[in-house]
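Numbered according to our numbering, the sequence shown spans residues -1 to 335.
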Amino acid sequence: MIVVMKSGSTQPQIEHVINLVREMGLKEHVIVGTERTVIAAIGNDRLKDKSKLETVEGVDKVMPVLAPYKMASREVHKDRSVVSIGKGKIGGNRIGVIAGPCSVEDRNQLLETAHAVKESGAIALRGGAFKPRTSPYAFQGLAEEGLKILAEAREKTGLAIVTEVMSIEQVPIVAEYADVFQIGARNMQNYNLLNKVGEQTKPVLLKRGLSATLEEFLLAAEYIMARGNHQVLLCERGIRTFEEYVRNTLPLAIVPELHRVSHLPVIVDPSHGTGKSYLVDSMSRAAVAAGADGLIIEVHNDPEHAMTDGAQSLNPKQFAEMMKAIKRVATAVDREV
Ligand code: PEP
Ligand code: MN
C-alpha cells in the first residue's frame, strides 16, 4: 500500500509511520517529494488493515495496491475461467443460458417449462425448491419434493439443474440432486454457507447481494474459492436504489468491470434485475452486448398463474423470441449462443 503524508508532516510523524509499517511485517520505501513524503509499504498487504494507518497523525491517505481478494482476481489468474455446468460451459466464447421458473410448483409446470427452454437452446434449468421469501406466510418452496422433480426434468431433457441452497443444513440434500448451487442475493454474505459450498465439488452461482459493492461481491466469491472450490459464476441480479419503476436497478457496467478485475465468468439475471417481463428481452440483449458470459432467465409455462415472480417471467414463446434476439447481438459482438 501507499501512504501519502500530509504536506507539512514532521520527521517524527514520518518515522512513526515507518515503524508502524515495519510492525505490519512490510518494508518501507520512502519517497521525499518537494511538497510531501510518500511511504510505499512493500510486501503482501492483503491481510493488513490499512484503516489503522489512515487516522495516524500526519497521514493524508492510504491507498491499497493489491485487490483485497486474491483467487478471484485477475492479478493472480490472467486467463478467463470457464466453468462446466452439466454438459455445457460458461465462460468461453459461447454464451450459456439458464432458464426456468422462479419456483418449482408441480411436476407438470416444471416439465413443460423444461422442455420448452431446452427447445429454445437453454443449457441449464433453474427452479427454486427452497425459496427465500420476504414474508414467512408466502410459498416457501416444495423442498425435497421440488428437488426430485428437478432431477426428473434433468433425466428427461439433459439440462443441468441450478437451484438455490439457503442454509448449510440444506447443502447435502441439494448436492444430491443439483448440478449447480445457487447462493441467493440475501445470502451473499452468509459466510458459513459460502464456506460450506466452498468445500463442495459442484459449481456455485453466486448472486450479488441487494446492496453489496463490487468488492464485497468478489470477497464473497473469495470465501468460496479459498475453501478450494474455484468453480464460481458471478451473477448480477440488480441492486436496491431509489428507483421505483423497476424492482431492482440492473447495473450492466459491472459486467466489463468484473471482467477487468476478475477472471470469473459473469452471468446477468434481467428477470430479478428489472422485475418486469417486458423489460427482460431488452436487458438480455444489452447484457450480451456488454460481454456477459451467460444469462439466467425466469420462464414459466403460465406466468399469470405463477406462485412466485410471475410478473417478471417470460412465457415459452417470449423466451424463444428472446433467444433469437440475443443470437443476433452475440454475432455482432463475436460471440455465440
Ligand atoms: C431467484 O433466483 O429466484 C431468487 C430468489 O433470486 P435472488 O436471490 O437474486 O433474489
Ligand atoms: Mn425469482
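Positions of the beta carbon are idealized from the N, C-alpha and C atoms, including for glycine.
Just so we're clear, the structure is a prediction, and the values are computed from it rather than from any experiment.
{"query": "Just reading off the alpha helix (DSSP H) that residue 280 is part of, what are its end residues?", "result": "275 to 287"}
{"query": "Report the option in 94, 119, 187 and 107 whose CA atom is closest to the CA atom of residue 266.", "result": "94"}
{"query": "Among residues of its own chain, excluding the 5 on either side of residue 148, which ones have a beta-carbon nearer than 8 angstroms to its beta-carbon?", "result": "102, 108, 123, 125, 127, 159, 161, 175 and 176"}
{"query": "Give the straight-line distance between the Cα atoms of residue 49 and residue 295, rounded to the nearest whole angstrom.", "result": "41 angstroms"}
{"query": "Quick check: does the Cβ of residue 183 come within less than 7 angstroms of any heavy atom belonging to the ligand PEP?", "result": "yes"}
{"query": "If contacts are defined as beta-carbon pairs under 8 angstroms, then residue 227 and residue 207 qualify, I think. What distance do you get, rounded to the angstrom?", "result": "Rounded, the Cβ-Cβ distance is 19 angstroms, inconsistent with contact."}
{"query": "Going straight from the alpha carbon of residue 64 to that of residue 190, what length do you get?", "result": "26 angstroms"}
{"query": "From 219, 221, 135 and 155, pick the residue whose C-alpha is nearest to that of residue 113; which is it?", "result": "155"}
{"query": "In three-state DSSP terms, what is residue 180?", "result": "strand"}
{"query": "For residue 48, which three-state DSSP category applies?", "result": "coil"}
{"query": "Could you tell me which residues DSSP pairs with residue 25 in its beta bridges?", "result": "40"}
{"query": "Could you have a look at residue 111 and say whether DSSP puts it in helix, strand or coil?", "result": "helix"}
{"query": "One question on the structure: do residue 312 and residue 321 come within less than 8 angstroms of each other, judged by their Cβ atoms?", "result": "no"}
{"query": "Tell me which residues share the same chain as residue 92 and place their Cβ nearer than 6 angstroms to its Cβ, disregarding the 5 neighbours each side in the sequence.", "result": "334"}
{"query": "Looking at residue 298: is its Cβ nearer than 8 angstroms to the Cβ of residue 72?", "result": "no"}
{"query": "Cβ atoms of residue 216 and residue 263: under 8 angstroms apart, would you say?", "result": "no"}
{"query": "Can we count residue 235 as close to the ligand PEP, meaning its CB is less than 7 angstroms from some heavy atom?", "result": "yes"}
{"query": "Is DSSP giving residue 328 helix, strand or coil here?", "result": "helix"}
{"query": "May I have the straight-line CA-CA distance separating residue 204 from residue 29, to the nearest angstrom?", "result": "42 angstroms"}
{"query": "With contact counted as at least three CB pairs below 8 angstroms, one residue from each stretch, are the stretch 53 to 62 and the stretch 4 to 21 in contact?", "result": "yes"}
{"query": "Does DSSP put residue 145 in a helix, a strand or coil?", "result": "helix"}
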